[in-house]
Amino acid sequence: MDNKAFDGSDIQNGKAVSNAWEVNNKESETKSEAKSETKNVGKVSFFKLFRYASGLEIFFMIIGGIAAAVHGVAIPLLIIVFSEMLDSMSETSANITRTCAAVGSIPDSILLDKMATYSLYYVGLAGIVFIAAYTHVTLWKVSTEKQIFYMRKKLMMNILRQNLSWFDEHTPGKLSSYLSDALLKISTGLGNNIGTLLQTLSGTVAALVIAFVYQWKLSLVMFSLTPVLGLSTYIMTRVTKDMTEKELNAYAEAGNVAEEAISSIRTVVAFGGEGKECSRYEKLLGVAKKASVKKGFATGVATGFFWFSIFGYYALGFWYAAKIIREDNYRVADVLIAFFSVVTGGLSLGQAGPAIQSISEAQSAAFEVFNVLDTEPSIDNLSKRGSSAENINGNIIFKEVYFNYPSRPDVPVLSGLNFVAEPGKTVALVGTSGCGKSTVIQLIQRLYDIHSGEVLIGGKRISEYNVGSLRKIIGVVNQEPVLFGNSIKENIRDGDEKATDADIIAAAKEANAHDFIMQLPGKYNTLVGERGTQLSGGQKQRIAIARALVRKPLFLLLDEATSALDTESERIVQSALDKVQSGRTTLVVAHRLSTIRSADMILAFKGGVIVERGTHEELMKQDGLYASLVMAQRLKTEGTEESEGNTTDDEVSSSQRQRLKSISSVHDGETHDEASAVEEEKDLPEASAIRIFKMNSPEWPYILMGLLASAVNGAVIPAFSVIFSEFIGAFQGDGSAVNRFALLILMLAAFIFVGYSVQYLMFGISGEKLTLKLRAGLFKAILRQEISWFDKEINNTGVLCSRLAVDSARVKGATGVKIGLFIQSLTNIGSGIVIAFVYGWQLALLIIGFLPILAFSAVLETKLLTNTLSQGASALEEATNLSMEAFQNIKTVLSLSIEMKIYEKFHEKILLPYKNNIKGAFKVGIAFSFSQSVVFLCYAAVFYVGALLITKCEMDFVDLLKVFGAIVFGAFALGQVGAVAPDFAKVKTSSARIMDLLDRVPAIDSYSQTGKICETFESKIQFKDVEFEYPNRANVKVLQGLSLEINQGETVALVGKSGCGKSTCMQLIEKFYNPSKGEVFLDSINLKELNTSWLRRQIAIVSQEPVLFSCSIEENIAYGDLTRAVTFDEIINAAQQANIHSFIQSLPEGYSTKAGGKGSQLSGGQKQRIAIARALIRNPKILLLDEATSALDTESEKVVQEALDKARSGRTCLVVAHRLSTIKDSDRIAVVVNGKVHEIGTHTELDKKKDVYFDLLNNQNL
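As structure tokens, this is what we get:
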């Protein structure tokens, strides 16, 4: 365990793989122990937390622990010095008063010399505390950072070792949370909290020992009440934490609704769902408001009870102390030492509660993390075992293969599969969805192990080969190829880390990708964006092909490589695929059967077995399953022979070139979008604070009561310091004064209990009511905006959800509980300064000189210590994002065998934060030790100067205590001001953003009541010379004078290549955008003149990827018509029309089944049919079908197409489709080229013209 340092030099020297592998092979002895440890319980034992500590780190922790214990003992020692000093002052007080009256000054020997000695004690304690605090914090933090760094590396490595079935059961979010949140909890538990626990425990033990040694009788009485004090401290922290969790959970649910609505904004506005979403959001905000008000009240009561316990404890203790001093003639010093020691012990015990809880959370987090660390994969992606697969050749053979996915053990996928793929031949796999085709592709890569049977390559079982070596000889291209957020060059190099630039260019040329890459602004250095979002589907496919080819694979696996492409893109990609298959053993999965008719062997799958095999011609003669699939896709053309289209490489559009320009290479400074965001921020109007307060004005009685309670709470502490000073002075007097002061302290206890309860409750109510108004108003304003507003990068879903949460919370902070604490602190300081100047202005001036230092130290301790962990988490964000990207695309990572490349990048990203955290440990140590020790120096200076003033007869002993107490307590309040004061600069910006959005009137206003509403209309749609460009790409014309008429009840289909403007036409009909030039009419009325909400009620849309909401299927269908209460019978009727009723009934919960976020619990075909039912429930006059069947297999498409054909009957319908078989029966087909209608007519008419449509048709023909 001592050889685990792993820095950047390992990678630079090429040792990363071997060193990283060592990481996984250490501590074999501890693994079995850890497994037995973590199987049956929800947390690991305390000592198991340190299982990855090296000898040096254990040494650091031991020294740090000793230093923490010494630090803890310092406070009880301070009590001894302080009490002895008070005793000296108290004893000489009467003598000093008489001497001052007689002589006018006091000899130094009576008091000043003693004070000089005590001051030196304070300075000595300050030095001890500084060294101990620095040592304890620094060593624990360094030790913790080293252990967490090692754990993070090892955890990432072990996750990347796991097989795909393990990832099926562990979500990317959960795995990333292990690397971030779980390790953060372990770090918190391992770090300062153990040091804090040792400090508080040693302080408690030392304080109680000292108390009983100096005055056992008082200690016994006080100690009997200590559990109450400890309990009150624990209750305060526990209640606050629990209620905060409930509040955050409630707001998180509301945030989920907001995120779902904003991310699905087109669906929401298309179905007029703004009102429903606002109601859902406000309902959850109401729940959150109640939780927050309860939290405020509970926190107030808990805090009030805590202070009530403290004051009550003081009152009882002082009263009894004075009693035994009078009656038993004990020394004042002994009694004070015992009293303050027991109080300190009780408070320290209470402070141990949060530390214990944090350590407990670390143990629970470690249980989950260690489980992952101890998991041994059945297929080890990084294993060195197994023979090399390099240069093997031969057949791929499946012999009696049975398989089902581990996550669905009851569903057989392959049931005795047998086939042979011969070297250099192309084998195609066809069949309906779920028949096992893609499973074969995954088994060849050994992403899963089979249950029985054999998979052989080159005559050997694939389990005999080294996993990484096997995958390196296989090239894979999937239906939706995953590119990583790097440059094109780096994405192609993922296929082979040793590839040179020349190899990469050669692979790109072979994949028909070189020409379009060279048109990009950054060429091969162009960044492709997350998941390749900056490239088109065809471009991504070709880069994926180049990535597969650069490794010069012996075997090529193509899984639905062209299914989601338009005809032209498909032609280019298919051309590339045909070229690269030559001479390689290739397996192809395809639903578009035109792409595999030339395969050497076609295998038709059904129910996990092969039911037919042969060439295209042979299978067509059999007239079986394959022939039926072909016939379902075949188009009847009347042309003589197939026409070869011009297979020209696609151009990179100017808009794409412009979009990629800003991200073409890694660069410093802001991107264009970021610069725009900053510019927009600068242009925000000045937000008047009065407007915010006006919104809160109905709650003015709550605010007023809260302010009064805050002022009372602020004045209580300085008042206590005055009574406390008088109490000390009255110890040796008669009992009546003591009784009076004890009662006064009890009265203060009652005041502060009521004060805190009222303060938190009142500001809780006023703040939460304002939050509800702001969030609800903001959400309503967001949903009101036009679609082009959402297209801007600065208005993406994440930003808007953050604005809902953060901006309103900031503004609430300026009017809610925080402002109460701010007023309380200011009152505390103000009244403290007044008291100090009344009783001794000279000493007050000296203490005020210390105030900036004390306040700075308090703020430094509060801010720095609490923010250290969050800063660390922020610094690790890049590493977390990288891990999330890898886990989300784990199948691609495993297929490419780039686990070590991902690991090295991850290591590189965590290395700098780790080094910074190690450096930061020393800074944190200095800040903490300074804040802990400076108060001792303040004591030394104040009491020495105070004694000097007493010897000059300018103040007396009791006045000195009053001045000292009033200002020192005020100093801590001043520190609190820095911690609790709202950041008014941020509040101002948030207020401006809120007001700007609330005041914004959108260009297309769905909330507006203006505009025409037609009682009767014919639903005739006309485009007249329409020109349009998207606002965020103003230099790219999408429609360039498009004219088109769609008559009532007519179905018109739009066809053409991607980006020609088909879907744009639908968005203009929905009035998502206004045309730049020209007009769109409904029954000769310009859409601009129609009421937006009414217009959208006449339209229903079914999209290529329909959005469902995370509610029941019944509610999703009913979403189609939100203007009335839709009956269950209507829902069933719509589902029957959409061919989905039988499926829904087969579900265990029927129509009450939850669809999941974005419909995640349903397949593509099921989602589309529910979307059709949703559209039908609306009973629309106009139906828009945008690529409604493009991603479906033949069988699903057939069912969905039947539903669509029924739905179109009697309605004006506009259809967009790439699969021309789905629109050949349309009344008219319009071919769109470069933003204009190039030709229009029926399928037969356009086929006869032999123009663009004819070419598109033949490209898809079988």
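1109 is the number that this note's numbering gives to position 790 of the sequence shown; each next residue is one higher, with no gaps. Every residue, glycine too, gets a C-beta built ideally from N, C-alpha and C.
- prompt: So, using beta-carbon positions, are Leu748 and Val759 closer together than 8 Å?
  reply: What you label residue 748 is simply residue 429 of the sequence shown in a count that begins at 1. What you label residue 759 is simply residue 440 of the sequence shown in a count that begins at 1. In contact: Leu748 and Val759 (Cβ atoms closer than 8 Å).
Ile929 (DSSP reduced to helix, strand or coil): Locating residue 929 in the sequence shown gives position 610, where the first residue counts as 1. Looking at Ile929 - three-state DSSP - the assignment turns out to be strand.
- prompt: Any heavy atom of the ligand FMN closer than 7 Å to the Cβ of Pro731?
  reply: Among the ligands in the structure shown, none appear at all, so the ligand FMN cannot be discussed.
Stretch pair the region 1449 to 1460 + the region 1492 to 1503: three plus CB contacts closer than 8 Å: yes
task: Closer than 6 Å by C-beta to Ala818: which residues in its own chain qualify, once you throw out the five before and the five after it? Chain order, please.
output: By one-based count along the sequence shown, residue 818 stands at place 499. So the list reads Arg812 and Val869, once near-sequence residues are dropped.
task: Figure out for me which residue from Ile415, Met404 and Asp919 has the closest Cα to the Cα of Thr436.
output: Looking up residue 436 in the sequence shown gives position 117. Looking at the Cα atoms, Met404 is the closest of the given residues.
- request: Measure the C-alpha to C-alpha separation of Gly750 and Ile836 and round it to an integer number of angstroms.
  value: Looking up residue 750 in the sequence shown gives position 431. Looking up residue 836 in the sequence shown gives position 517. So the alpha carbons of these two residues sit roughly 35 Å apart.
- request: Take Glu1369 and list the residues in its own chain whose beta-carbon comes closer than 8 Å to its own, dropping the five residues that flank it on each side.
  value: Translated into positions along the sequence shown, residue 1369 becomes position 1050. Once the five neighbours on either side are set aside, the close Cβ partners of Glu1369 are Thr1531, Cys1532, Asp1546 and Arg1547.
field: Spatially closest choice to His1537 from Glu1516, Arg1527 and Ser1528, by CA coordinates
entry: As a position in the sequence shown, residue 1537 is number 1218, starting the count at 1. Measuring from the Cα of His1537, the nearest candidate turns out to be Glu1516.
query: Secondary structure at Gly1168, three-state DSSP: helix, strand or coil?
result: Reading the sequence shown from its first residue, position 849 is the one you call residue 1168. Here Gly1168 sits in helix by DSSP.
query: With 16 as the cutoff for other CB atoms within 10 Å, does Pro1425 come out buried or exposed?
result: What you label residue 1425 is simply residue 1106 of the sequence shown in a count that begins at 1. By the neighbour-count rule (16 or more Cβ atoms within 10 Å), Pro1425 is buried.
message: Measuring only the C-alpha atoms, how far is Gly1360 from His833?
response: One-based indexing of the sequence shown puts residue 1360 at position 1041. One-based indexing of the sequence shown puts residue 833 at position 514. Taking the straight line joining both Cα atoms gives about 34 Å.
For Lys1569, the three-state DSSP class (helix, strand or coil): Residue numbering aside, residue 1569 sits at position 1250 when the sequence shown is read from its first letter. Of the three classes helix, strand and coil, the one that applies to Lys1569 here is coil, per DSSP.
query: Is the CB-CB distance between Ala634 and Val654 below 8 Å?
result: Looking up residue 634 in the sequence shown gives position 315. Looking up residue 654 in the sequence shown gives position 335. The answer is no: Cβ separation not under 8 Å.
field: Whether Thr1383 touches Val1357 by CB criterion (8 Å)
entry: Here residue 1383 refers to the residue found at position 1064 of the sequence shown. Here residue 1357 refers to the residue found at position 1038 of the sequence shown. Yes, they are a contact pair.
- prompt: Between Lys1331 and Asn1366, is the Cβ-Cβ spacing less than 8 Å?
  reply: On the sequence shown, position 1012 is the one that residue 1331 refers to. On the sequence shown, position 1047 is the one that residue 1366 refers to. Their beta carbons are not under 8 Å apart, which means Lys1331 does not touch Asn1366 by this criterion.
- request: Note the first and the last residue of the continuous beta strand (DSSP E) segment covering Cys1532.
  value: What you label residue 1532 is simply residue 1213 of the sequence shown in a count that begins at 1. Looking at the DSSP string, the run of the beta strand (DSSP E) that includes Cys1532 is Thr1531 to Val1535.
Euclidean distance between Cα positions of Glu970 and Gln838: The residue given as residue 970 occupies position 651 in the sequence shown. The residue given as residue 838 occupies position 519 in the sequence shown. Summary for Glu970: the model assigns pLDDT 44, below 50, so the residue's position carries little reliability; its value from the coordinates is reported in the next sentence. Cα to Cα, the separation comes out at about 8 Å.
task: Let me know the secondary structure DSSP gives His935 once reduced to three states.
output: As a first step, residue 935 must be located in the sequence shown, where it is residue number 616. In the structure shown, His935 sits in a helix (DSSP, three-state: H, G or I).
query: Starting from Ile1365 and walking both ways along the beta strand (DSSP E), at which residues does that stretch end?
result: The count along the sequence shown starts at 1 and reaches residue 1365 at position 1046. Segment Leu1358 to Ile1365, the beta strand (DSSP E) holding Ile1365.
task: Out of Phe1347, Ala580 and Asp561, state which residue places its alpha-carbon closest to the alpha-carbon of Asn1115.
output: To locate residue 1115, count along the sequence shown from 1; it is residue 796. Looking at the Cα atoms, Ala580 is the closest of the given residues.
query: Taking the alpha-carbon positions, what's the Lys1234 to His1226 distance?
result: As a working mapping, residue 1234 is identified with position 915 in the sequence shown. As a working mapping, residue 1226 is identified with position 907 in the sequence shown. Using only the alpha carbons, I get a separation of about 12 Å.
query: If you drop the 5 nearest sequence neighbours on each side, which residues of the same chain put their C-beta closer than 6 Å to that of Ala386?
result: By 1-based counting over the sequence shown, the position of residue 386 is 67. Contacts found: Ala451, Thr454 and His455.
field: Given Thr1308 as reference, the closest of Val1130, Glu1204 and Asp1544 once Cα atoms are compared
entry: Here the question's residue 1308 lines up with position 989 in the sequence shown. With distances taken between Cα atoms, Thr1308 lies closest to Val1130.
message: Considering just the uninterrupted stretch of the beta strand (DSSP E) at Asp878, what are its terminal residues?
response: Here residue 878 is taken as the residue at index 559 of the sequence shown, counted from 1. Looking at the DSSP string, the run of the beta strand (DSSP E) that includes Asp878 is Phe874 to Asp878.
field: Asn359 in three-state terms, based on DSSP
entry: Indexing the sequence shown from 1 puts residue 359 at position 40. Model confidence at Asn359 stands at a pLDDT of 41, short of 50, so the residue's coordinates are unreliable; what they give is reported in the following sentence. Coil.
query: Hey, quick one: how far does the beta strand (DSSP E) through Thr1370 stretch, first residue to last?
result: Here residue 1370 is taken as the residue at index 1051 of the sequence shown, counted from 1. First-last of the beta strand (DSSP E) with Thr1370: Thr1370 to Val1374.
message: Just to confirm my understanding: we take Leu1026, look at its own chain, exclude 5 residues before and 5 after, and list those with CB closer than 8 Å. What are they?
response: The sequence position of residue 1026 within the sequence shown is 707, counting from 1. Answer for Leu1026: Gly1139 and Ile1142, listed in chain order.
- prompt: What's the C-alpha gap between Pro840 and Ile1221?
  reply: Numbered from its first residue, the sequence shown carries residue 840 at position 521. Numbered from its first residue, the sequence shown carries residue 1221 at position 902. Approximately 27 Å between the Cα atoms of the pair.
- request: Mind checking who Tyr721 pairs with in its DSSP beta bridge?
  value: Here residue 721 corresponds to residue number 402 of the sequence shown, with the count starting at 1. According to DSSP, which records beta bridges pairwise, Tyr721 is partnered with Ser734 and Ser771.
field: Reduced DSSP secondary structure (H/G/I, E/B, other) of Asp1344
entry: Locating residue 1344 in the sequence shown gives position 1025, counting from the first residue. Here Asp1344 sits in strand by DSSP.
query: Pick from Ser484, Phe627 and Ala1322: whose alpha carbon is nearest that of Phe1206?
result: Counting from 1 along the sequence shown, the entry for residue 1206 is found at position 887. Ranking Ser484, Phe627 and Ala1322 by Cα distance to Phe1206 puts Ser484 first.
query: Taking just the CA atoms, how far does Ile513 sit from Gly1244?
result: By one-based count along the sequence shown, residue 1244 stands at place 925. By one-based count along the sequence shown, residue 513 stands at place 194. When rounded, the distance between both Cα atoms is 15 Å.
message: By the three-class DSSP mapping on this structure, what secondary structure does Leu603 have?
response: By one-based count along the sequence shown, residue 603 stands at place 284. In the structure shown, Leu603 sits in a helix (DSSP, three-state: H, G or I).
- prompt: Gly443 to Ile1217, Cα distance in whole Å?
  reply: On the sequence shown, residue 443 is found 124 positions in, with the first residue counted as 1. On the sequence shown, residue 1217 is found 898 positions in, with the first residue counted as 1. So the alpha carbons of these two residues sit roughly 59 Å apart.
Alpha-carbon spacing of Leu854 relative to Leu1201, whole angstroms: As a position in the sequence shown, residue 854 is number 535, starting the count at 1. As a position in the sequence shown, residue 1201 is number 882, starting the count at 1. Distance between the alpha carbons of Leu854 and Leu1201: 20 Å.
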